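Residue numbers (the UniProt record's numbering): 1 to 118.
We put the CB at the ideal spot given by N, CA and C, even for glycine.
As the structure is a prediction and not an experimental result, all values here were calculated from the model.
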Amino acid sequence: MCNALIDMYSKCGRLNSARLVFDKGSFRKDAISLSSMICGYGLHGKGDEAISLYNQMLLLGNKPDMITVVGVLSAYIMSGLINEGLHFYNTITNKYGMEPTVEISASVVDLLTGFLFI
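Okay, structure coming up:
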């Protein structure tokens with residue numbers, strides 16, 4: 001239930017409400033709740049918050065999945081952090097052995113396309 005609320009508030013642009021549910025409503029910060037919040041921050045250009053939460057996720061021992069990776073890449077894209085986004089992509093493919101899915105590849109293309117217009 002909390003994950004659905006986090007997702008709904010994030011998609012509506014109510015990140016403070018989403019974070020409140022995340023902080024107070026989620027008893028256990030699992031990969032789904034973390035990914036939901038990361039994607040919400042990424043969607044709305046809150047790169048620092050998304051990346052900070054991603055780092056917290058790693059410290060908690062959660063490994064990123066495709067949804068988390070796309071959320072973090074979106075955060076880099078929306079924040080204009082091209083080099084950091086490419087470094088992140090290299091890390092997830094080399095360190096975690098993730099195969100680039102269509103969604104991840106499209107995010108990298110968006111990252112590089114954004115670079116052309118900066």
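For Lys29, the closest alpha carbon among the candidates Met57, Leu81, Ala18 is that of Met57. By the CB criterion at 8 Å, Ser79 and Gly45 fall inside the cutoff.
If you draw a straight line from the Cα of Leu86 to the Cα of Thr113, it is about 12 Å long. Looking at the backbone, the Cα of Gly40 and that of Cys12 are separated by about 9 Å. Take Ala18, set aside five residues on each side of it, and the residues of its chain with a beta-carbon closer than 7 Å to its own are Ile6, Tyr9, Ser10, Met37, Gly40, in chain order. Straight-line measurement puts the Cα of Ser107 at about 7 Å from the Cα of Ser74. Here the alpha carbons of Lys24 and Gly71 stand approximately 22 Å from one another. When rounded, the separation of the alpha-carbon atoms in Leu111 and Ile82 is 6 Å. Counting along the chain, the unbroken alpha helix (DSSP H) around His87 starts and ends at 82 to 94. Secondary structure in the UniProt repeat "PPR" (30 to 64): no beta strand (DSSP E) run of 3 residues or longer lies completely within the stretch.
Ser35 sits close to Ile67, with the two beta carbons spaced by under 8 Å.
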